[in-house]
Amino acid sequence: MTVENACATWSPAFGYLLWLWRQHDPAAAKLPAVATPPDAVAFERSLAQHRMALALPAADTLGPSIPVALRQALRRRQRRLLLQSLQQTAAIGELVTALQQAGIRCCLLKGLGYVAQFGRLHRREACDIDVLIEPQASQQALSALAALGYVLQSDAACDPVEYCRYNHALPLRHRDTGVVLELHLRLANHERQFPLGQQIWRDHLGTVELGGVHVPTLSPPAAVVYAAFHGTKHHWHRAFWLVDMAHAMGSAELDWEAVLALARRLGVERQLALSALLAEASLGIALPAALRQQTALLRKARPVAAALLPCLDALGSDRGADLAVRLGLFAYLRHLLSLQSTWRGRLHVLPVLLVPTDMDRQAVPLPRALHWAYFGVRMVRLVKQHLLKRRQMQG
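Just so you know, full-length UniProt numbering puts 236 at position 236 of the sequence shown, and the rest follows in order with no gaps.
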């Protein structure tokens, strides 16, 4: 399983992005020079899909071997996203201060909080800000955020309590700046998927400094395990999640024994191994020594990584439908089962897959007395979606 083998299934633009990243990261294994760079439109499209612009070197530092049109495309996106990152940094300081002054415990997830732990602040794109609070503080938090100008979006605005029954985060947007905030009440839609719960506040908090404000975030081991879980949930269809893992794999300070122990306790150690194998193959970052010693774990994760690696640039969404078509329906189910380290986790795969989503409820509005029928709606829509995707791919 190598990037050279997978390149045959990737777009030239995606392969070029990975080559460019590897050429300028000191810890990455280098690749031979790309014979024919992609055209600027495809390159810009791939930058947007994989959100890699800020992870790449500054466009103005690239040499003449990089075509002018590609440097210009990269420069435009980097400038826009750097401004967005600075805006988000200011917003994080403001909203965290407001929540803390209201007596609400909070924790910054993913994004800027994650990369700040590895000294890469403003080197990662983020479309929103993710903040975790305790569920019982949600109404108080919404009031504090409303005073700052944040407004609930979509169905969450109609009935936040009902929305939170099926979703782990409330979407908000600042009415003036447009900054998007996801207010997390738990770390996954179903607590059993990532059962850290109240232990976060006692055992797994750290702090980073953003814009002069000390911001609570996940401790480094918890942040890395959550990044592996989150990327796997989304089938790694954006490469910037793999860059997150590469930062952790290249860190001399990170305690990988603690990372592995936490992943094992939460039942997501195979997802952690998958993420590291994908980062190794695509970005050329060596596995940490503590992970290399886990031969049995790696042996179970390698077939999953080998199946997913060629699909990294081919998935139009993270919903699973695209991956199910590419792998085959039964192979996709085996893929989901193989990611679980425990029998309990495997038993929950199908129930989680069949839980109705907001899109199911929007597609077929039913009175509350018939909400039990949404499980049937979900199954019918999954089958129809799979058949439609398969016809599109074949045609």
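For glycine and all other residues, C-beta sits at the position ideal for the given N, C-alpha and C. Owing to the predicted nature of the structure, the values given are computational and were not obtained by experimental measurement.
- Message: Could you give the first and the last residue of the continuous alpha helix (DSSP H) run that contains C127?
- Response: Run containing C127: none; DSSP gives neither H nor E here.
- Residues near D313 in its chain [Cβ-Cβ closer than 7 Å; skip 5 each side]: The beta carbon of D313 sits closer than 7 Å to those of W10, S11 and F14, all from its chain and outside the five residues before and after it, given in chain order.
- Query: Between the region 360 to 375 and the region 339 to 348, do at least 3 Cβ pairs fall closer than 8 Å?
  - Reply: no
- Cβ neighbour criterion (16 or more within 10 Å) applied to E125: With 16 or more other Cβ atoms from the protein chains shown falling within 10 Å of its own Cβ, E125 counts as buried.
- Does the region 132 to 152 touch the region 99 to 119, meaning 3 or more C-beta pairs lie closer than 8 Å? yes
- Mapping DSSP to helix, strand and coil, what is I200? In the structure shown, I200 sits in a helix (DSSP, three-state: H, G or I).
- Item | Endpoints, the alpha helix (DSSP H) within which C321 is located | Looking at the sequence provided, one finds Ala at residue 321 rather than Cys. Looking at the DSSP string, the run of the alpha helix (DSSP H) that includes A321 is A321 to L327.
- Message: Looking at the strands, I want to know which residues DSSP matches up with V213.
- Response: L210
- Query: Is the region 265 to 273 touching the region 299 to 309 in the sense that three or more CB pairs, one from each, lie closer than 8 Å?
  - Reply: yes
- Message: Output needed for L132: all residues of its chain with C-beta closer than 6 Å, excluding positions within five of it in sequence on either side, in chain order.
- Response: C107, L109 and H184
- Query: How big is the Cα-Cα spacing for L31 and R390?
  - Reply: 34 Å
- Task: Determine, using beta-carbon pairs with one atom in the region 86 to 94 and one in the region 64 to 76, whether at least three such pairs fall under 8 Å.
- Result: Touching, no.
- Item | Between the CA atoms of T217 and Q23 - distance to the nearest angstrom | One C-alpha to the other measures close to 31 Å.
- Beta-ladder partner(s) of P171, from DSSP: E182
- Is the CB-CB distance between Y226 and F194 below 9 Å? For Y226 and F194, yes; Cβs fall inside 9 Å.
- For V151: DSSP bridge partner residues: R173
- Query: First and last residue of the alpha helix (DSSP H) that includes L47?
  - Reply: A40 to H50
- Quick one: Cα of L70 to Cα of S46, how far? 12 Å
- Query: Is it right to say R123 is buried, meaning 16 or more other beta carbons lie within 10 angstroms of its own, or is it exposed?
  - Reply: The C-beta of R123 has 16 or more other C-beta atoms within 10 Å across all chains shown, which makes the residue buried.
- Message: Rounding to the nearest angstrom, what Cα-Cα distance links Q88 and T177 in this structure?
- Response: 10 Å
- Task: For G111, collect the residues of the same chain with a Cβ closer than 7 Å to its Cβ; drop the 5 residues on either side in sequence, then sort them by chain order.
- Result: R124, A126, I129 and D130
- Item | Nearest to Q140 (by Cα), restricted to the options V259, A98 and P221 | A98 is the residue among V259, A98 and P221 whose C-alpha sits nearest the C-alpha of Q140.
- Query: Between which two residues does the beta strand (DSSP E) containing residue 464 stretch?
  - Reply: With the chain represented from 1 up to 395, any question about residue 464 goes unanswered, as that position is not in the structure.
- Under the three-state reduction of DSSP, which class applies to I104: helix, strand or coil? coil
- Go through its chain and collect everything with a Cβ distance to F43's Cβ below 7 Å, but skip five positions before and after it. A13, Y16, L70 and A73
- Query: Do L274 and A305 have their C-beta atoms closer together than 9 Å?
  - Reply: yes
- What do you reckon, are the CB atoms on H168 and R186 nearer than 9 Å? yes
- In DSSP terms, what L218 is bridged to: Beta-bridge analysis with DSSP links L218 to L205.
- Rounded C-beta distance between Y163 and L170? I'm assuming under 8 Å. 7 Å
- State the Cα-Cα distance for the pair P57 and W21, rounded to the nearest angstrom. 8 Å
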